[in-house]
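Visitor: Using UniProt numbering, the letters of the sequence shown correspond one by one to residues 1 to 252.
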Amino acid sequence: MEMVPEMVIFDYGQTLADEGDYDAVRGNRAVLSMAVKNPRGITAEQLQEFADELTKDMEGLFGEEKRGKAEGEFSAVSFDRYLYEYLEIELGIPWEEVERVFWKGAARVRATENVKKLLDYLYREGIGTAVVSNMMKSTQSLKEKIDGLLPGNHFSFVMTSCDYLFRKPHPRIFGMAQVKAGVPADRIWYCGDNLFCDVKGAAGAGMKAVWYAPYAKKGQKAPEGVDYLTVNSWDELIEVLESMKRGGKEEW
Numbered sequence: 001m002e003m004v005p006e007m008v009i010f011d012y013g014q015t016l017a018d019e020g021d022y023d024a025v026r027g028n029r030a031v032l033s034m035a036v037k038n039p040r041g042i043t044a045e046q047l048q049e050f051a052d053e054l055t056k057d058m059e060g061l062f063g064e065e066k067r068g069k070a071e072g073e074f075s076a077v078s079f080d081r082y083l084y085e086y087l088e089i090e091l092g093i094p095w096e097e098v099e100r101v102f103w104k105g106a107a108r109v110r111a112t113e114n115v116k117k118l119l120d121y122l123y124r125e126g127i128g129t130a131v132v133s134n135m136m137k138s139t140q141s142l143k144e145k146i147d148g149l150l151p152g153n154h155f156s157f158v159m160t161s162c163d164y165l166f167r168k169p170h171p172r173i174f175g176m177a178q179v180k181a182g183v184p185a186d187r188i189w190y191c192g193d194n195l196f197c198d199v200k201g202a203a204g205a206g207m208k209a210v211w212y213a214p215y216a217k218k219g220q221k222a223p224e225g226v227d228y229l230t231v232n233s234w235d236e237l238i239e240v241l242e243s244m245k246r247g248g249k250e251e252w
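Below, the structure is given as structure tokens:
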């Protein structure tokens with residue numbers, strides 16, 4: 001019989017938060033509004049064209065599917081520095097603030113359905129929570145975003161891959177999370193929407209993998225030889241945990 005976890009760790013995008021309404025040009029426009037010099041008169045659309053060129057050139061560093069399958073990470077700050085300095089755009093704010101301004105402008109964010117209910121339940125049950133996300137943006141930026149989205153949360157820690165070199169599914173980022181959690185890997189459940197990065201990665205690190213399916217991209221292939229729990233709502237995960245408390249057996 002499976003044991004109730006001591007810690008539940010969550011992915012961020014499409015797990016804790018729905019960022020389906022995302023527009024990079026909208027984010028560029030927000031950043032350009034902070035410019036103190038823009039000698040070429042670069043528009044938000046032109047800025048995005050060059051950003052796309054940079055992304056293409058980065059394939060040699062991170063592979064064609066760097067955002068999907070590479071296991072090393074780069075930061076938004078390093079990307080932004082090259083982007084804006086090359087185009088001779090001078091911004092009147094620190095680089096760390098640039099990523100916040102862009103993110104706020106680009107993404108219209110809302111919490112996933114009943115996630116607050118789940119987090120409150122876990123807190124009442126004495127089950128720790130944390131967040132580990134593949135992200136170019138800093139841990140501090142993500143923490144600020146989460147605190148605004150889910151005020152009063154009790155996350156023990158938040159991690160983004162750009163601050164820890166490795167990205168999911170590499171076992172080292174899960175290993176760091178396990179150290180921070182301070183509990184054995186097999187007492188940690190990891191919840192995410194991506195069958196490769198989240199499910200395969202967590203299971204490979206010895207954690208219990210939970211696939212949160214409602215916001216998952218279509219066409220994902222189930223990882224071979226990996227046991228994981230699929231939930232279609234956070235209420236369903238609460239029901240699983242309640243059943244385990246009563247001594248019930250859940251099928252993985």
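The beta carbon of each residue, even a glycine, is placed where N, CA and C say it ideally should be.
For a quick check, are the C-beta atoms of M159 and I188 less than 7 Å apart?
Guide: no
Visitor: So for F10, helix, strand or coil by DSSP?
Guide: Reduced to three states, the DSSP call for F10 is strand.
Visitor: Since E90 sits in a beta bridge, which residues does DSSP pair it with?
Guide: Partner residues in the beta bridge of E90, as assigned by DSSP, are K37.
Visitor: One question on the structure: do C197 and P169 come within less than 7 Å of each other, judged by their Cβ atoms?
Guide: yes
Visitor: Excluding sequence positions up to five away, which residues of its chain have a Cβ less than 6 Å from the Cβ of G27?
Guide: F102, G105, A106
Visitor: Let me check understanding here. Comparing Cα to Cα, which of V132, A44, P223 lies closest to D163?
Guide: V132
Visitor: Would you identify the three-state DSSP class for F74, choosing helix, strand or coil?
Guide: F74 sits in coil when the DSSP states are folded into three classes, being neither helix nor strand.
Visitor: Report buried or exposed for G201, applying the criterion of at least 16 other Cβ atoms within 10 angstroms of its Cβ.
Guide: buried
Visitor: Quickly, what does DSSP pair L229 with across the bridge? List them, please.
Guide: V210
Visitor: Tell me whether I238 sits in a helix, a strand or coil according to DSSP, three-state version.
Guide: Assigned with DSSP and collapsed to three states, I238 falls in helix.
Visitor: Figure out for me which residue from F79, V231, R172, V109 has the closest Cα to the Cα of G20.
Guide: V109
Visitor: Rounding to the nearest angstrom, what Cα-Cα distance links M135 and L241 in this structure?
Guide: 29 Å
Visitor: Terminal residues of the continuous beta strand (DSSP E) containing T112?
Guide: T112 -> no beta strand (DSSP E), and no H or E assigned at all.
Visitor: Give the DSSP-derived three-state secondary structure of I42 in the structure shown.
Guide: coil
Visitor: So, helix, strand or coil for G152, using DSSP?
Guide: coil
Visitor: To which residues of the same chain is I93 closer than 6 Å at the C-beta, ignoring the five residues directly before and after it?
Guide: The residues are M34.
Visitor: With DSSP run on the structure shown, which of helix, strand or coil describes V31?
Guide: helix
Visitor: For the putative contact between F155 and K180, defined by C-beta atoms under 8 Å, what is the C-beta separation to the nearest angstrom?
Guide: Contact flag wrong, Cβ pair sits at about 11 Å.
Visitor: At least one CB of chain D closer than 7 Å to the CB of L237: is that the case?
Guide: Chain labels in this structure do not include chain D; a single protein chain is all it has.
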